[in-house]
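To start, the structure itself, in structure tokens.
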């Protein structure tokens, strides 16, 4: 069964930078949502400048997995919405954080660290190595795939050790990066996926699209009835 | 899509011990295969005394996930079949090891340790606590379930640290045990699940059956094209 | 080389509750600091009602490992001090969080989850099982130790999966709990240790004291020169 | 306190290949033992062609940590000695496996997988990135170090997921590799460290030497009294 996905984008670069608009005329979110559709997954979109950033309770009630792209405007996301989304994740909603979303309030909140890293906008090629063959997120991929030009992200990446390290990237300049990383927080599954600088056509890349679709299926919630707190009487009586 | 499961049993207790035969008249394997069927998963069976222990290449070609129950006769399993099954697991076949299967050649081979533990056949009750709500193996379960009478298994359990610790058991006598443990070896997924002493009707327990069915779906192989060795030329040329 | 430890306590129960004062006349912090001293580790103390909660930059400059006990007054800890201590941990200071400290702003911030759990003040006995023999935190311990009376904490404990699960507790009432849990955040090491309800003499227990002393040595910082962010030029030039 | 280390080497390349002999005139083992000495750690050596491969019970009784280098002659190591060393590791002896030791009987036995990988002898430069700042094995290192020429090892490396991933290597040809990996098996600690092809002066590299010395201290046994199996009576009586 396919999850119901909401793709969230701050949607600012596309409006102010013609170079980005040329690559993503309807916004990064539209490109990703369309790609999910081609993988058989229905996706709606939401953006920063909508009321409640497009993330009303009604929208989240109908969202199994949220995809997040942000960069320029992390601080414009209201704490109230961050609280709301964090709470949803802890209670089972899947979350896929893309590229510069590493610096979002939401991701930093869920990780407990700065999520800082090194970066360089240059002429690097990126090779993503599949370190988790057999994992649902790598289904249908080969042992590596190449993105001809991308922004470099380098270690040390200040995040908790991933529960599963799915990809490690190689960059021309000599750097490596943990580019695909799985976490569980509460009952929610989180996947961080590195590629996607706004000035490159990364979200048009077939393998990148496949990874996001696979991750959406992996991150969809499973339901078990676990109460997380309380003050119960004993189960066993001696 | 449901995996094709083969349930393997050494099938000796049931023939020699009337107490066990009363609980599992057709063998533990038949009870488990029937339960999988009720969960919509087709399962065949194989037993120690069949030619090649019932695990021919033809059978394994049609097996996505193998379930393993053994106890008295671990040493009668031929090294050739252990090699064959280990190789299948490393190349993607799922494996569910039940109860006393912790001492099997196959599980010890895949773990690299003795897999020793403490045990006691007595009047213990077992409470299994769900430590991985949100994980596919606990779908549909509550926060714990109880087996009124079971053999005690106690720590220290000499296995590698599980990648995911799904259940921890409580026993009346004061012991705890890591009762549900996930591993990846090569591209294959392995789940160890503790309950199932032959003198108790454990495999008739609805929650135990649900766990095995969930684990079979979780352990089913995902296909990606990864070559594990070789002597390739460079991908990037400076 | 022994770390320099600061033991922080909110120090409220001891002033208002004669039952607690009878067990810890100088405060929980004093008992723990004294025990560390007996293990050869010098420890100072700090408490909530001191200026800056006793955690000035001068104090933290001289602290390799911080021990934290809080319960009633989590919300009285100022966000500024939480920011300061979190930043120290991410840059290498060790942190040992005790018992009800699971609900502190600091621990919740570093974990990214609610850190909720179940609890019961009753007549439970606690058996702590050593699941990490060979780990520095269990040096000198046996396979388990018993606390005759303690508050029960039960799963599900909403924290990220521990990097190392050191102890699991058994309680009379049928519950289990992940009672000793290691994390790394940034370059800092964190150990959560469950025991220590204020109405029981838990911090006078020899094995509890040994665990805290071992954990202090384990959590002491190691120094390597890693820059966590920046915008560097390439290392390799093709 | 410093561990007592034994450095084991198959010591064949150095006798048959003048190029290797020029780099390691007394053998790889002698170079490593000397480097450990310069880090304040006393090390003895043992080699394949000694009786019992130099790994008698007397030698192992005086060994806290064993370092292993092998390549050409993995199959000449007797199963009896592999059994003996595996048993020592499961009971607390540290083990550092270097470079082509990934293919040794001992390492494959402890991992439960083939430990296969990709390789290329060419003109690659290796950059090792520190992914575990704050870990004892990286004490005193910077964020990366460079080996000007080395054999390439590439993913997929068929080993269990490391408990701690300490280093990831970058190679000129576009590959990455998990070059420093920690495991616990039984009560023993294991560190796999990639560099060290016999035709390059890798073990004369100051950072490589520092890593091996740090790893020896990290892998030294901690003593706790845990019985791994048995059939005990209950601890708690209801």
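Chains as they are written, first to last, in my numbering: chain A, -10 to 227; chain B, -10 to 227; chain C, -10 to 227; chain D, -10 to 227.
Every residue, glycine too, gets a C-beta built ideally from N, C-alpha and C.
Keep in mind it's a predicted model, so treat the numbers as computed, not measured.
Buried or exposed, going by whether 16 or more other CB atoms sit within 10 Å of the CB of residue i?
i	result
residue 112 of chain D	exposed
residue 60 of chain B	buried
residue 53 of chain D	buried
residue 142 of chain C	buried
residue 195 of chain B	exposed
residue 193 of chain C	exposed
residue -8 of chain A	buried
residue 51 of chain A	exposed
residue 220 of chain A	exposed
residue 40 of chain C	exposed
residue 26 of chain A	exposed
residue 14 of chain A	exposed
residue 164 of chain A	buried
residue 43 of chain D	buried
residue 185 of chain C	buried
residue 110 of chain D	exposed
residue -1 of chain B	buried
residue 222 of chain A	exposed
residue 29 of chain C	exposed
residue 64 of chain A	exposed
residue 69 of chain B	exposed
residue 187 of chain D	buried
residue 139 of chain B	buried
residue 144 of chain C	buried
For residue i, which of helix, strand or coil comes out of DSSP?
i	result
residue 153 of chain A	strand
residue 32 of chain C	strand
residue 96 of chain A	helix
residue 76 of chain B	helix
residue 66 of chain D	coil
residue 148 of chain B	coil
residue 184 of chain D	coil
residue 41 of chain C	helix
residue 211 of chain B	coil
residue 90 of chain D	helix
residue 2 of chain A	helix
residue 189 of chain A	coil
residue 224 of chain B	coil
residue 102 of chain B	coil
Please list the terminal residues of the continuous alpha helix (DSSP H) segment that includes residue i.
i	result
residue 47 of chain A	46 to 50
residue 169 of chain D	No alpha helix (DSSP H) holds residue 169 of chain D; the beta strand (DSSP E) holding it covers 165 to 174.
residue 206 of chain A	195 to 208
residue 21 of chain B	17 to 27
residue 8 of chain B	7 to 12
Could you please give the first and the last residue of the uninterrupted beta strand (DSSP E) stretch that includes residue i?
i	result
residue 55 of chain B	54 to 58
residue 219 of chain D	Neither: residue 219 of chain D is in no beta strand (DSSP E) and is coded neither H nor E.
residue 85 of chain A	83 to 87
I'd like to confirm the pairing. Which residues does DSSP put opposite residue i in its beta bridges?
i	result
residue 141 of chain B	B:109
residue 133 of chain C	C:118
residue 178 of chain A	A:173
residue -9 of chain C	According to DSSP, residue -9 of chain C bridges with nothing at all.
residue 159 of chain C	C:116, C:165
residue -4 of chain B	B:34, B:56
request  = Could you say if the region 126 to 133 of chain A and the region 81 to 89 of chain A meet the contact criterion of at least three C-beta pairs nearer than 8 Å?
outcome  = no
Sufficient close CB pairs (3 or more, under 8 Å) joining the region 87 to 101 of chain A to the region 173 to 184 of chain A = yes
key: contact_flag[the region -7 to 11 of chain C, the region 162 to 180 of chain C] where n(CB pairs < 8 Å) is 3 or more   = no
inquiry  = Between the region 8 to 28 of chain D and the region 203 to 212 of chain C, can you find at least three pairs of beta-carbon atoms closer than 8 Å?
reply    = no
task = Please determine if the region 106 to 121 of chain A and the region 105 to 121 of chain C are in contact, where contact requires at least 3 C-beta pairs separated by less than 8 Å.
result = no
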